[in-house]
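Asker: Please read through the structure below; I'll follow up with questions.
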Amino acid sequence: MTNSPLTNDYHPDLIIEDAKNGWRVVRLNRPKSLHALDESIATALLKLFQDYHHDDSVKAIWLDSTTPKAFCAGGDVRKLRQLVINNEVAAANQFFEQEYALDLLLHDYAKPVVVWGEGYVMGGGLGLFMAAPFRLVTPYSRLAMPEVNIGLYPDVGATRFLADRGPIGLFTGLTGSIMTAAGGYGIGWATHICDAQRDVVLQKLLNIDWDHYPAGDFRALDDTLNGLHRPVAPGPLQNSLDVIHSVCRGVSFEQDYQAIIGLIDARSDWLRQASENLAKGSPSTAAITWLLWQWGRQVHSWQEVFALELQISDWKIRHPDFVEGVRARLVDKDLSPAWEACESMSLHGILAKNPPVTNIESWNALLKQYHVIS
């Protein structure tokens, strides 16, 4: 490929290339952390995409990482945890502000953005992925919002993109279940499955004759990518749809929780793993995920979604489950978190002692409706 590296004033962990035909290639380059996002790289990406928005020489953007193991495994939660321990919550919140501003910008972006989601696409990485109109996965992709394991919660727009997918979204949010390419494509998280090598796909896109498409650049990409799409056999998600709809009714948190826990005897390994994730996961994460899914079902703009998530994130990182959950999974790695004790496994029993009240009326009304606050 005859791309010329651009002077990179944005960030040392970004590789930026000026490709032909008005393309820019942007690569996350933090292989040791599976390309995790922190405030510095979120800020750099935000600035880069703002600049490209106004740069007439940029026609389309390709975003990937330098290693096939992961596009982006999420936010740098170890760093966030340390900030909380150091009483630097304001600095931790600054990360969420930059990350959500980046995601919001991409949801409303006027130019085509194509993301190559190979390997792990999780948490903050999935939020970035979901914000782009063209979302490519490979047979080796693994997608998830696994925050229930670390005491955070599915954010980065998941309040809406989980709710948009009904019971399946609720199930994947509560259990952190990992999806294959088939599952990700099946529920519309991915737009195309590609079994060709990354550089082959990229070369096809760089060679697009834009003038050949009077209907516009998005149509040009659609046509080209549709020609590269290769369906794959159904994955564990598709094989479990009936069960998911039977356990996730979205009417009562307690019923949904108990029904998923009851899958521990399911024949499917995938469903048993989902049950175990929820049983061992953070109760406060499960409760807030269920409530955010209810709020997301009311249909809100992306701006409203990120405004609420900013306030919920501030509440959640101060909650003891976050520091403890990251400790158990990523710091000491003993996988034995001591979650905050609950009066009962009900929304009120889990959240009433420290309710996630915000200045957003529709959210507070939901907390009242479900008796979290009076």
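Number 76 in the UniProt record's numbering belongs to position 76 of the sequence shown; there are no gaps in the numbering.
Using N, Cα and C, we set each Cβ at its ideal position, and we do this for glycine too.
#1: Tell me which residue opens and which closes the alpha helix (DSSP H) that residue 183 is part of.
#2: Under 8 Å by Cβ, that's how I've got residue 156 and residue 126 pegged, so tell me the actual separation to the nearest angstrom.
#3: Give me the Cα-Cα distance between residue 95 and residue 78, rounded to the nearest whole angstrom.
#4: Once the 5 residues before and after residue 363 are set aside, which same chain residues still bring their CB inside 7 Å of it?
#5: Alpha helix (DSSP H) containing residue 305: first to last residue?
#6: Would you mind sorting residue 85 into buried or exposed? The rule is 16 or more other CB atoms within 10 Å of its CB.
#7: For residue 212, which residues in the same chain have their Cβ closer than 8 Å to its Cβ, ignoring the five residues on either side in sequence?
#8: Distance, Cα to Cα, residue 117 vs residue 37?
#9: Use the C-beta contact count for residue 140: other C-beta atoms within 10 angstroms, 16 or more gives buried, fewer gives exposed.
#10: From residue 27 to residue 254, what distance separates their C-alpha atoms?
#11: Start and end of the beta strand (DSSP E) containing residue 152?
#12: On the DSSP letters alone, give me the boundaries of the alpha helix (DSSP H) that residue 61 sits inside.
#13: Let me check understanding here. Comparing Cα to Cα, which of 258, 271 and 256 lies closest to residue 235?
#14: On the three-state DSSP scale, how would you describe residue 293?
#15: Tell me residue 194's beta-bridge partners as DSSP assigns them.
#16: In terms of DSSP beta bridges, what is residue 120 paired with?
#17: Residue 112 and residue 134 - do their beta-carbons sit closer together than 8 Å?
#18: Which term fits residue 258, buried or exposed, when burial requires 16 or more other beta carbons within 10 angstroms of its beta carbon?
#19: In the DSSP assignment, find the unbroken beta strand (DSSP E) run with residue 28 in it and report its ends.
Answerer: The structure says:
#1: Looking at the DSSP string, the run of the alpha helix (DSSP H) that includes residue 183 is 181-186.
#2: A Cβ-Cβ separation of about 7 Å places residue 156 in contact with residue 126 under the 8 Å criterion.
#3: If you take the alpha carbons of residue 95 and residue 78, they lie about 13 Å apart.
#4: Excluding its 5 nearest sequence neighbours in each direction, residue 363 has C-beta neighbours in its own chain below 7 Å: 295 and 308, listed in chain order.
#5: Unbroken alpha helix (DSSP H) run through residue 305: 302-318.
#6: With fewer than 16 Cβ atoms within 10 Å of its Cβ, residue 85 is classed as exposed.
#7: Answer for residue 212: 220, listed in chain order.
#8: Cα to Cα, residue 117 sits roughly 15 Å from residue 37.
#9: So residue 140 ends up on the exposed side.
#10: The alpha-carbon of residue 27 is positioned some 43 Å away from that of residue 254.
#11: Here residue 152 belongs to no beta strand (DSSP E), and DSSP marks it neither H nor E.
#12: In the DSSP assignment, residue 61 falls outside any alpha helix (DSSP H) and lies within the beta strand (DSSP E) extending over 60-65.
#13: The residue among 258, 271 and 256 with its C-alpha nearest the C-alpha of residue 235 is 271.
#14: DSSP places residue 293 in helix when its eight states are reduced to three.
#15: DSSP output for residue 194 lists no bridge partner at all.
#16: In the DSSP assignment, residue 120 forms a beta bridge with 70 and 142.
#17: Pairing residue 134 with residue 112 gives a Cβ-Cβ distance under 8 Å.
#18: The residue in question, residue 258, is exposed, as its Cβ has fewer than 16 Cβ neighbours within 10 Å.
#19: Counting along the chain, residue 28 sits inside the beta strand (DSSP E) bounded by residues 23-28.
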